[in-house]
Amino acid sequence: MKIRLGYRIATWGSIFALTFTATLLTNVLPESGPQPLKSAAGWLLPADAAIPAVLPADEPANPLTMLKPVPSTTGRAVVAAPRWPSARGQADGSSTGIFLPSGGALPVNARLNEPVAPPPAPPSLPARPAEKPAPKPLSERIVEYHLSAELDAQGKSIRGTAALTWKNPGSVPVQELYFHLYPNAFESKKSTFMKESGGKLRHDASKEGSFGGMTVSSIKTLDGNEIELGDRIEYVQPDDGNKDDRTLIKVPLPKAVGPGEKVTLRTDFSVKLPQVFARMGYAGDFVMAGQWFPKVAVYEPKGVRGRADEGWNLHQYHGNSEFYSDFGIFDVKLKVPSAYTVAATGFPTKPVADDGKTRTYTFYADDVHDFAWSASPHFVYFEEPYATPHLPGVRIKLYLDPKHERLKARYMTAAKKALARYSQWYGSYPYSTLSIVVPPADGNGAGGMEYPTLVTAWGAAEENPSLELERVVVHEIGHQFWYGMVASNEFEEAWLDEGFTSYAEDRIMEAEYGVRPNLLVESSYITNPAALKLHSWGYSGHNQYAENVYTRAKLVLKAMERQAGLETMDKILRTYFQRWKFKHPGTADFQRTVEDVTKISWQDFFHQFIYNGMMVDYAVTGIKVRKATENGQPVYENSVQLRKLDGTYHNVPIRFRFADGSELDKTWDGVDSEVIMKLNHASPLAWVALDPQHSIVLENKRINSFMKTEVDTKLSVRWNMGIVKFLETLFGWVVW
Numbered sequence: 037m038k039i040r041l042g043y044r045i046a047t048w049g050s051i052f053a054l055t056f057t058a059t060l061l062t063n064v065l066p067e068s069g070p071q072p073l074k075s076a077a078g079w080l081l082p083a084d085a086a087i088p089a090v091l092p093a094d095e096p097a098n099p100l101t102m103l104k105p106v107p108s109t110t111g112r113a114v115v116a117a118p119r120w121p122s123a124r125g126q127a128d129g130s131s132t133g134i135f136l137p138s139g140g141a142l143p144v145n146a147r148l149n150e151p152v153a154p155p156p157a158p159p160s161l162p163a164r165p166a167e168k169p170a171p172k173p174l175s176e177r178i179v180e181y182h183l184s185a186e187l188d189a190q191g192k193s194i195r196g197t198a199a200l201t202w203k204n205p206g207s208v209p210v211q212e213l214y215f216h217l218y219p220n221a222f223e224s225k226k227s228t229f230m231k232e233s234g235g236k237l238r239h240d241a242s243k244e245g246s247f248g249g250m251t252v253s254s255i256k257t258l259d260g261n262e263i264e265l266g267d268r269i270e271y272v273q274p275d276d277g278n279k280d281d282r283t284l285i286k287v288p289l290p291k292a293v294g295p296g297e298k299v300t301l302r303t304d305f306s307v308k309l310p311q312v313f314a315r316m317g318y319a320g321d322f323v324m325a326g327q328w329f330p331k332v333a334v335y336e337p338k339g340v341r342g343r344a345d346e347g348w349n350l351h352q353y354h355g356n357s358e359f360y361s362d363f364g365i366f367d368v369k370l371k372v373p374s375a376y377t378v379a380a381t382g383f384p385t386k387p388v389a390d391d392g393k394t395r396t397y398t399f400y401a402d403d404v405h406d407f408a409w410s411a412s413p414h415f416v417y418f419e420e421p422y423a424t425p426h427l428p429g430v431r432i433k434l435y436l437d438p439k440h441e442r443l444k445a446r447y448m449t450a451a452k453k454a455l456a457r458y459s460q461w462y463g464s465y466p467y468s469t470l471s472i473v474v475p476p477a478d479g480n481g482a483g484g485m486e487y488p489t490l491v492t493a494w495g496a497a498e499e500n501p502s503l504e505l506e507r508v509v510v511h512e513i514g515h516q517f518w519y520g521m522v523a524s525n526e527f528e529e530a531w532l533d534e535g536f537t538s539y540a541e542d543r544i545m546e547a548e549y550g551v552r553p554n555l556l557v558e559s560s561y562i563t564n565p566a567a568l569k570l571h572s573w574g575y576s577g578h579n580q581y582a583e584n585v586y587t588r589a590k591l592v593l594k595a596m597e598r599q600a601g602l603e604t605m606d607k608i609l610r611t612y613f614q615r616w617k618f619k620h621p622g623t624a625d626f627q628r629t630v631e632d633v634t635k636i637s638w639q640d641f642f643h644q645f646i647y648n649g650m651m652v653d654y655a656v657t658g659i660k661v662r663k664a665t666e667n668g669q670p671v672y673e674n675s676v677q678l679r680k681l682d683g684t685y686h687n688v689p690i691r692f693r694f695a696d697g698s699e700l701d702k703t704w705d706g707v708d709s710e711v712i713m714k715l716n717h718a719s720p721l722a723w724v725a726l727d728p729q730h731s732i733v734l735e736n737k738r739i740n741s742f743m744k745t746e747v748d749t750k751l752s753v754r755w756n757m758g759i760v761k762f763l764e765t766l767f768g769w770v771v772w
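Counting from 37, one number per residue, gives the positions in the sequence shown under my numbering.
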């Protein structure tokens, strides 16, 4: 899923004004440069409250240098625009940059509506996507669903039946099945989802009095002896014991299902749709049907994701969590009013039947783990076949809100670029269709979401949207790989989907649109780091969840890339995808893949930054300068105290600048908790900067990475330390 960021221009203005004031104060009291220096009696305090950026030799540190245009790998000029969460949304780790024409830099708050002549997508090879069942299974196909449903457009409800055949993948008999009834998250304010989320997701909120839910009226065995099991249903709450939560049910079976055996159940159900704010529901006559049928839980055999014993993976629907389910076959019949057009997972198996009142659609999909659909009488439909050397052939289908009909080329181009690149980097997209749904403006709660072979863009609120239009399409198509095919457990290891997708999204946006992520600013978002393997509801709230499984997870992958090299990182991700697609891997499986590819141990890295919530924090904590005489010549003995305050990064770059303007670059292995570096020089030390080029991606507290030697202890220290503390507090409050 894509978590959308807004922009708080006024806040940015305040931040830059404050940091500029801090910089001004520290550079006028006293003036920097070679001046008579008093011998320091002890360790000096940091003098500069500004966040140091790249430190040019001829000017003092200035936080505004981070906004200078920087070259992209594509050769086009870009500027990495700081992203700042507004009250309407949380960060997800994907950075919007500002695409610059050759004329020069734009203001911080400027946005171009479209890329300036972005390169087109790779041209299509002759493509005739074959919309038919796969010749051989790509997955274990644990489930087979035959679904039939009818939309009551006036009543905002769905009536349906589901025939499920489930195969026991384990080695012991199974006596009961468990089903997720996800729509029950919206049946009252007392459900676990509503209590944890406060009735909000991103910047969308539930409407007062608008509730939804699922009713299972019958559930029967279909093995020749139809036995009604409805009276055996038990609602269970394994995560929090909330008896008002009815999103998970237990269904005892009359006969155990042996290893490798199958059982078939028929379920009659109905769904009342809420006004959409969290993935499913309605907005006027637009409908998004996600998680709309009783979905069997995942039974994990021994060894899957490191399980010591086989068993059910059971969780309720939480405010932060998304989904986890098994691969299989979906055969679906949908009946809607005649005016409606339907977008759905998979491909149609029959022409649409229209009796003048209703239309009946039939869809089929195999080797997928979910089925979603959307319907509207206003969709504007376009499709194009597309193929590349790495992509056999796919039919890209656009279901546009009329407001964005004229933007069809942008949607289509973004989809082609994403499919071509991801298939080249990781492995071929194997399905014959990909549908993109653009909700209406008031249906944005359904936007920015992924389902197998179907994604949703942002709601069509803006006439001339920024590159966020392309970014969300690129992001959600990335999910087709890490969510759709690799299919990690998003309840328990969401970073394996969201972090990987955010990392891949940034690569596309830079390679195809010239937009570089501002990793310096993004790392500053990480004010509450936590382990990446926490259950999604184990974080302290949505802010901490998004901060870690999107932003920090992406930064961890970027740090791995910096350490291993881009070519090796590409090989790691491709090997991981090819090895684990359709198999539900876990974090330990990814670690083994990394180590297999690189032939070295990554245990310390994973222990610090993945299994624990560490960041990198190296600080300059003191400077001592003593004037002495050596061989009759004056010399300055400069001592610098450095400390490691968090995780380890090997080979920390350090830049020393002396009062005579000369510089010296050194590296520190970064292992010890504290070191003192001594340098004898003809001039006193002017300042010290750790990682001046910002190569350490996981460094999130750069305010302590820079220190000036010259300090007016009576005035400058007092002003600067006060501003430092104020800025630290303000950054912590604004960002998260």
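Here a beta-carbon is modelled for each residue, glycine too, at the ideal position from N, C-alpha and C.
All values reported here derive from a predicted model rather than from experimental measurement.
Here the C-alpha atom of Gly-514 lies approximately 23 Å from the C-alpha atom of Pro-476.
In terms of CA proximity to Lys-226, Tyr-353 leads the group Tyr-612, Tyr-353, Thr-424, Glu-666. The beta carbon of Gly-683 is closer than 8 Å to those of Gln-644, Phe-645, Met-650, Met-651, Val-652, Asp-653, Leu-734 in its chain, skipping five residues each way along the sequence. Where Arg-738 is concerned, there is no enclosing beta strand (DSSP E), because DSSP gives it neither an H nor an E.
Inside the region 439–463, DSSP marks whole alpha helix (DSSP H) runs of 4 or more residues at positions 444–461, from first to last along the chain. Under DSSP, Asn-716 shares a beta bridge with Glu-673. The three-state reading of DSSP puts Gln-614 in helix, counting H, G and I together. In the structure shown, Met-250 falls within a strand segment according to DSSP collapsed to helix, strand and coil. Taking a cut-off of 8 Å for Cβ pairs, the region 254–271 and the region 392–401 do not touch, as fewer than three such pairs fall below it. Around the CB of Asp-632, fewer than 16 other CB atoms lie within 10 Å, so the residue is classed as exposed. Check the Cα spacing between Val-340 and each of Lys-619, Ala-725, Glu-583: the tightest is with Lys-619. Contact between the region 417–437 and the region 450–462 is present, with at least three C-beta pairs closer than 8 Å. Counting along the chain, Met-324 sits inside the beta strand (DSSP E) bounded by residues 322–325. Ala-540 sits in a helix when the DSSP states are folded into three classes. Taking C-alpha positions only, Pro-310 is separated from Tyr-218 by approximately 12 Å. Its chain contains Phe-363, Asp-403, Phe-618 as the residues whose beta carbon lies nearer than 7 Å to that of Ser-175, once the 5 sequence neighbours on both sides are disregarded; these appear in chain order. Annotation for Tyr-447: Leu-434, Leu-436, His-440, Ile-472, Val-474, Ala-493, Leu-505, Val-509 place their beta carbon closer than 8 Å to its own, counting only its chain and skipping 5 residues before and after.
Cβ-Cβ distances below 6 Å link Glu-710 to Arg-679 in the same chain, with the five nearest sequence neighbours on each side left out; the list follows chain order. In this structure, the CA atom of Gln-669 is about 22 Å from the CA atom of Met-713.
Within the region 639–670, the alpha helix (DSSP H) runs of at least 4 residues that lie entirely inside it are, in chain order, 639–645.
Taking the Cα positions, Lys-371 is about 15 Å away from Thr-381. In the assembly as shown, Asn-204 is a buried residue. Its beta-carbon has 16 or more other beta-carbons within 10 Å.
One Cα belongs to Lys-231, the other to Glu-419, and the distance between them is close to 41 Å. Counting C-beta atoms within 10 angstroms of its own C-beta, Arg-691 has 16 or more neighbours from the protein chains shown and is therefore classed as buried. By the beta-carbon neighbour count (other beta carbons within 10 angstroms, threshold 16), Lys-663 is exposed.
The DSSP-derived three-state label of Ala-624 is helix. In this structure, Ser-357 keeps its C-beta atom at 8 Å or more from the C-beta atom of Ser-193. By the 16-neighbour rule on beta-carbons within 10 angstroms, Pro-488 is buried. With a cutoff of 8 Å on beta-carbon distance, Ala-411 and Val-323 are scored as near each other. Spatial neighbours of Thr-703 in its own chain (CB-CB distance under 7 Å, excluding positions within 5 residues in sequence) are listed in chain order as Asn-687, Val-688, Pro-689, Ile-690. Excluding sequence positions up to five before and after Tyr-612, its CB lies within less than 7 Å of the CB of Phe-626, Thr-629, all in the same chain and listed in chain order. Secondary structure of Asp-304 (DSSP, three-state): strand.
At a Cβ-Cβ threshold of 8 Å, Gly-294 and Pro-209 count as neighbours.
Our two residues, Met-37 and Gly-535, have alpha carbons roughly 11 Å apart in a direct line. By the neighbour-count criterion, in which 16 or more other beta carbons inside 10 Å mark a residue as buried, Gly-296 falls on the exposed side.
Considered as a whole, the region 503–583 harbours 504–515, 531–549, 555–560, 578–582 as its complete alpha helix (DSSP H) runs of no fewer than 4 residues, in chain order.
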